[in-house]
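Trainee:
In our numbering, the protein residues as written are 728 to 844.
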């Protein structure tokens, strides 16, 4: 869209012209999109960035791993270098045990927050 078309649209939808111009330039909404929940590995974090997230939140994937400090540093590196497969391979070495998942079928009913079916 040209600036003239964006100005007309801005007036029609009562939106700031600068915001529409930035959105058009980016090709997406100019909002931060963080991925969270289920992100436990460096590959998960890098994939979220490759899919267009602006950042990744990792909680239990770090703190329930074998070496939280080492895994945290590695995930930061994975988010920073998400386009570099060689670097991702390097920082994935010797991280220790990853977060162990929970088998929902073995959880007591009182600990389940939701059910299916």
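Each residue gets a CB set at the ideal place from its N, CA and C atoms; glycine is no exception. These numbers come from a predicted model, not from an experiment.
Find the nearest neighbour of residue 753 within the set 816, 728, 810, 828, judged by alpha-carbon distance.
Mentor: Along the chain shown, one-based indexing puts residue 753 at 26. It is 728.
Trainee: What whole-angstrom Cβ distance do residue 781 and residue 759 have, given they're in contact under 8 Å?
Mentor: For the purposes of this step, residue 781 is identified with residue 54 of the chain shown, where counting begins at 1. For the purposes of this step, residue 759 is identified with residue 32 of the chain shown, where counting begins at 1. That belief holds up - the Cβ atoms of residue 781 and residue 759 are roughly 5 Å apart, short of 8 Å.
Trainee: Could you check which residue in 732, 825, 768 has the C-alpha nearest to that of residue 803?
Mentor: Here residue 803 is taken as the residue at index 76 of the chain shown, counted from 1. Among 732, 825, 768, the Cα nearest to that of residue 803 belongs to 768.
Trainee: Express the C-alpha separation of residue 815 and residue 795 in angstroms, rounding to a whole number.
Mentor: On the chain shown, position 68 is the one that residue 795 refers to. On the chain shown, position 88 is the one that residue 815 refers to. The alpha-carbon atoms of residue 795 and residue 815 are separated by roughly 18 Å.
Trainee: Mind checking which residues open and close the alpha helix (DSSP H) that includes residue 798?
Mentor: Here the question's residue 798 lines up with position 71 in the chain shown. Note, residue 798: alpha helix (DSSP H), 795-807.
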